[in-house]
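J.:
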Amino acid sequence: MVDRQDDAGGETTVRVELANRSYDIIIGEGLLSGAGPYLASVLARPRVVVVSDETVAALHLAPLQAALNEAGIQNDAIIVPAGEGSKNFAQLQLLLDQLLELRVERRDSILALGGGVVGDLAGFAAAILRRGIDFIQLPTTLLAQVDSSVGGKTAINAAQGKNLIGAFYQPRLVLADVTALSSLPERELRAGYGEVVKYGLIDDFAFFQWLEENAGQILAGAPGALRHAVAVCCRAKAAIVGRDERESGDRALLNLGHTFAHALEAEAGYDGRVLHGEAVSVGLGMAFTLSTHLGLCPSQETERVLRHLSAVGLPTGVAQIGLSGLTVDVMLNHMRQDKKVTDGRLTFVLARGIGQAFITNDVAEGAVREMLQAALEPASAAKG
Numbered sequence: 004m005v006d007r008q009d010d011a012g013g014e015t016t017v018r019v020e021l022a023n024r025s026y027d028i029i030i031g032e033g034l035l036s037g038a039g040p041y042l043a044s045v046l047a048r049p050r051v052v053v054v055s056d057e058t059v060a061a062l063h064l065a066p067l068q069a070a071l072n073e074a075g076i077q078n079d080a081i082i083v084p085a086g087e088g089s090k091n092f093a094q095l096q097l098l099l100d101q102l103l104e105l106r107v108e109r110r111d112s113i114l115a116l117g118g119g120v121v122g123d124l125a126g127f128a129a130a131i132l133r134r135g136i137d138f139i140q141l142p143t144t145l146l147a148q149v150d151s152s153v154g155g156k157t158a159i160n161a162a163q164g165k166n167l168i169g170a171f172y173q174p175r176l177v178l179a180d181v182t183a184l185s186s187l188p189e190r191e192l193r194a195g196y197g198e199v200v201k202y203g204l205i206d207d208f209a210f211f212q213w214l215e216e217n218a219g220q221i222l223a224g225a226p227g228a229l230r231h232a233v234a235v236c237c238r239a240k241a242a243i244v245g246r247d248e249r250e251s252g253d254r255a256l257l258n259l260g261h262t263f264a265h266a267l268e269a270e271a272g273y274d275g276r277v278l279h280g281e282a283v284s285v286g287l288g289m290a291f292t293l294s295t296h297l298g299l300c301p302s303q304e305t306e307r308v309l310r311h312l313s314a315v316g317l318p319t320g321v322a323q324i325g326l327s328g329l330t331v332d333v334m335l336n337h338m339r340q341d342k343k344v345t346d347g348r349l350t351f352v353l354a355r356g357i358g359q360a361f362i363t364n365d366v367a368e369g370a371v372r373e374m375l376q377a378a379l380e381p382a383s384a385a386k387g
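Per this note's numbering, residue 4 is the first one in the sequence shown, and the count goes up by one each step.
#1: With DSSP as the reference, label proline 40 as helix, strand or coil.
#2: Suppose you measure from the CA of glycine 320 to the CA of leucine 375; what does that come to, to the nearest Å?
#3: Taking 8 Å as the limit between beta carbons, can you name the residues of its chain near proline 84, skipping five residues before and five after?
#4: Taking the beta strand (DSSP E) that proline 142 belongs to, which residues open and close that run?
#5: Please say whether leucine 62 and leucine 388 have beta carbons closer to each other than 8 Å?
#6: Hey, is the region 176–188 in contact with the region 146–164, meaning 3+ C-beta pairs nearer than 8 Å?
#7: Take valine 17 and list the residues in its own chain whose beta-carbon comes closer than 6 Å to its own, dropping the five residues that flank it on each side.
#8: Output needed for serine 152: all residues of its chain with C-beta closer than 6 Å, excluding positions within five of it in sequence on either side, in chain order.
#9: Where DSSP assigns a beta bridge to glutamine 77, which residues make up the other side?
#10: What are the boundary residues of the beta strand (DSSP E) that alanine 170 is part of?
#11: Only counting the same chain, and skipping five residues up and downstream in sequence, which positions put a Cβ closer than 7 Å to that of leucine 21?
#12: Can the beta-carbon of alanine 60 be found closer than 8 Å to that of alanine 38?
#13: Does the Cβ of glutamine 212 have 16 or more other Cβ atoms within 10 Å, making it buried, or fewer, making it exposed?
#14: Pop quiz: isoleucine 243 and alanine 232 are said to be a contact at Cβ under 8 Å. What is the actual Cβ separation, rounded to whole angstroms?
#15: Determine the extent of the beta strand (DSSP E) in which arginine 18 is found, giving its start and end residues.
#16: Going by DSSP, what residues sit across from aspartate 180 in a beta bridge?
#17: Just verifying my parser: in three-state terms, what is the DSSP assignment at alanine 360?
#18: Assuming glycine 356 contacts glutamate 304 under a Cβ cut-off of 8 Å, what Cβ separation, rounded to an integer in Å, is found between them?
#19: Determine which residues share a DSSP beta bridge with isoleucine 159 and list them.
#20: Mapping the DSSP letters down to three states, classify glycine 117 as helix, strand or coil.
#21: Over the uninterrupted alpha helix (DSSP H) stretch that includes leucine 102, give me the two end residues.
#22: Using the Cα positions of glycine 13 and glycine 75, report the straight-line distance between them to the nearest angstrom.
#23: Determine the contact status of valine 120 and aspartate 79, defining contact as a CB-CB distance below 8 Å.
#24: Buried or exposed: where does alanine 115 fall if 16 or more other Cβ atoms within 10 Å of its Cβ makes it buried?
#25: For arginine 106, count the other beta carbons within 10 Å of its own beta carbon; 16 or more makes it buried, fewer makes it exposed. Which is it?
#26: My assumption, with CB atoms under 8 Å, is that isoleucine 159 sits in contact with isoleucine 136. Please give the rounded CB distance.
#27: Flag this pair as yes or no: are the beta carbons of leucine 278 and valine 308 separated by less than 8 Å?
#28: Any idea which residues DSSP pairs serine 152 with across the strands?
#29: If you reduce the DSSP assignment to three classes, tell me which class aspartate 111 lands in.
#30: Does the Cβ of glutamate 306 have 16 or more other Cβ atoms within 10 Å, making it buried, or fewer, making it exposed?
#31: Given 8 Å as the limit, is there contact between the region 250–266 and the region 325–338, that is, 3 or more CB pairs closer than that?
#32: What does a CB cutoff of less than 8 Å around glutamate 3 pick up in its chain, not counting 5 residues either side in sequence?
#33: Could you say if the region 347–354 and the region 309–318 meet the contact criterion of at least three C-beta pairs nearer than 8 Å?
#34: Could you work out which residue in Ser44, Met289, Thr363 and Ser327 is closest to alanine 255 when comparing CA atoms only?
Structure below.
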């Protein structure tokens, strides 16, 4: 992995090393309005289709298309409904039909302009259209910039769970314009922070300490703090993806908290009540609580994690995300659809402390049940 810092331009370039499918993540300010030269350097031919959602398009599509036109890049746009509900077969089919109606060729490219939903949907469409065409990630949310736009995971949801139908398909380029984050609603920015703190909890205690001191700047939208946080997260993910692209080994570490989070999202029905980063925050708390319950992680470490998540305004309990009444059996049924299940056994990402995450499938179901029962009881009490 190569990491280049351009101090004069305020840009950081992180290289994802995957042999002939390697690509850059460029992090900086004003990248969308100046996207033309970056895109022209990687396009097989100067023709693209921008896929965005209604909310993001209203904010960022016009300056992007102006940059494309200035660079002589022919472009069309397809707008999908905003929200997790767009990650389904019906919307995928509609998107593919629209792309074919535009006579998209194999040497054309798709630009995914938006958050994780747009990136996942447009990336999956690119992976299967004409057996694969290039796509470029233009993430406009904090969550997408630090996580979902990097690493080539593309997918749609199924009734049985989140991201169960998809493909590993790497982008040609990622342009992370932190200026775009200024347009995010406060709740969206805060939810994205749930994925930021995850990287500190996995294997970077120093970054977690930095976050304890600087979370306020990130949530206030300070460009320098945002650039640093995005760069640290992208470096960490690029290193892991370079070692384990298809999640056959330690890439599963990136799912810290996600076995629980995806179960919570599935129970909510992807209806917008629970944002992904909010579910991840609760899931991180559950992963550390289970680790402590198993005698793996000191209780003061878990308390420190929960204290930090609460301090930045993220939920740490099921009742806080409006899923009161959830039972242990329902939660476990959702978790059994997790993509890391092996030979019918749940795989967990647990921790021996902050920055000391590890992967295991040797956790007794009884211990999981006990932890979940304790975690869900406050939610049941709140319902009553």
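The beta carbon of each residue, even a glycine, is placed where N, CA and C say it ideally should be.
T.: Quick answer:
#1: The count along the sequence shown starts at 1 and reaches residue 40 at position 37. In the three-state reduction of the DSSP assignment, proline 40 falls in the helix class.
#2: Within the sequence shown, residue 320 is the residue found at index 317, counting from 1. Within the sequence shown, residue 375 is the residue found at index 372, counting from 1. Roughly 11 Å between the two C-alpha positions.
#3: Taking the first residue of the sequence shown as position 1, residue 84 is located at position 81. Leaving aside the five residues that flank proline 84 on each side, the residues in its chain whose CB is nearer than 8 Å to its CB run, in chain order, Asp56, Glu57 and Gln94.
#4: By 1-based counting over the sequence shown, the position of residue 142 is 139. From DSSP, the beta strand (DSSP E) with proline 142 extends over 137–142.
#5: Residue 388 falls outside the range modelled here, since the chain spans only 4 to 387, and no answer is possible.
#6: Pairwise C-beta distances place the region 176–188 in contact with the region 146–164, as three or more of them are shorter than 8 Å.
#7: Taking the first residue of the sequence shown as position 1, residue 17 is located at position 14. Closer than 6 Å at the Cβ level, and outside the excluded window around valine 17, lie Asp6, Ile28, Cys237, Arg238 and Ala241.
#8: One-based indexing of the sequence shown puts residue 152 at position 149. The answer, listed in chain order, is Gly122, Gln140, Pro142 and Val177.
#9: Here the question's residue 77 lines up with position 74 in the sequence shown. Glutamine 77 is bridged by DSSP to Arg50.
#10: Counting from 1 along the sequence shown, the entry for residue 170 is found at position 167. Membership of alanine 170 in the beta strand (DSSP E) is indicated by the continuous run 164–171.
#11: Translated into positions along the sequence shown, residue 21 becomes position 18. Excluding positions up to five away in sequence, the list reads Gln173, Gly245 and Glu248.
#12: Residue numbering aside, residue 60 sits at position 57 when the sequence shown is read from its first letter. Residue numbering aside, residue 38 sits at position 35 when the sequence shown is read from its first letter. Result no, Cβ atoms of alanine 60 and alanine 38 do not sit closer than 8 Å.
#13: Residue mapping note: residue 212 aligns to position 209 of the sequence shown, counting from 1. Looking at its Cβ environment, which holds fewer than 16 other Cβ atoms inside 10 Å, glutamine 212 is exposed.
#14: Taking the first residue of the sequence shown as position 1, residue 243 is located at position 240. Taking the first residue of the sequence shown as position 1, residue 232 is located at position 229. Rounded to whole angstroms, the Cβ separation of isoleucine 243 and alanine 232 is 17 Å, and the two are not in contact under 8 Å.
#15: As a first step, residue 18 must be located in the sequence shown, where it is residue number 15. First-last of the beta strand (DSSP E) with arginine 18: 14–19.
#16: Here residue 180 refers to the residue found at position 177 of the sequence shown. Aspartate 180 pairs with Gly31.
#17: In the sequence shown, residue 360 corresponds to position 357, counting from 1. Strand at alanine 360.
#18: By one-based count along the sequence shown, residue 356 stands at place 353. By one-based count along the sequence shown, residue 304 stands at place 301. Right, the Cβ-Cβ distance comes to about 5 Å (below 8 Å), so this counts as a contact.
#19: The residue labelled residue 159 in the question sits at position 156 within the sequence shown. BP columns for isoleucine 159 point to Ile168.
#20: The count along the sequence shown starts at 1 and reaches residue 117 at position 114. Of the three classes helix, strand and coil, the one that applies to glycine 117 here is strand, per DSSP.
#21: Here residue 102 is taken as the residue at index 99 of the sequence shown, counted from 1. Per DSSP, leucine 102 belongs to the alpha helix (DSSP H) from 92–104.
#22: On the sequence shown, residue 13 is found 10 positions in, with the first residue counted as 1. On the sequence shown, residue 75 is found 72 positions in, with the first residue counted as 1. When rounded, the distance between both Cα atoms is 26 Å.
#23: For the purposes of this step, residue 120 is identified with residue 117 of the sequence shown, where counting begins at 1. For the purposes of this step, residue 79 is identified with residue 76 of the sequence shown, where counting begins at 1. No. Outside cutoff.
#24: Here residue 115 is taken as the residue at index 112 of the sequence shown, counted from 1. Taking every protein chain shown into account, the CB of alanine 115 has 16 or more other CB atoms within 10 angstroms, so this residue is buried.
#25: For the purposes of this step, residue 106 is identified with residue 103 of the sequence shown, where counting begins at 1. Per the 10 Å Cβ criterion, exposed.
#26: Here residue 159 refers to the residue found at position 156 when the sequence shown is read from its first residue. Here residue 136 refers to the residue found at position 133 when the sequence shown is read from its first residue. 18 Å between Cβ atoms; not a contact.
#27: Locating residue 278 in the sequence shown gives position 275, where the first residue counts as 1. Locating residue 308 in the sequence shown gives position 305, where the first residue counts as 1. Taking 8 Å as the Cβ cut-off, leucine 278 and valine 308 do not qualify as a contacting pair.
#28: Taking the sequence shown and counting its residues from 1, the one referred to as residue 152 is at position 149. None, per the DSSP bridge assignment.
#29: Here residue 111 is taken as the residue at index 108 of the sequence shown, counted from 1. Looking at aspartate 111 - three-state DSSP - the assignment turns out to be coil, as it is neither helix nor strand.
#30: Locating residue 306 in the sequence shown gives position 303, counting from the first residue. With fewer than 16 other Cβ atoms from the protein chains shown falling within 10 Å of its own Cβ, glutamate 306 counts as exposed.
#31: The region 250–266 is in contact with the region 325–338.
#32: Because the chain in this structure spans residues 4 to 387, residue 3 falls outside the shown range and cannot be described.
#33: Not touching, per the Cβ criterion.
#34: Locating residue 255 in the sequence shown gives position 252, counting from the first residue. Comparing alpha-carbon positions, the option among Ser44, Met289, Thr363 and Ser327 lying closest to alanine 255 turns out to be Thr363.
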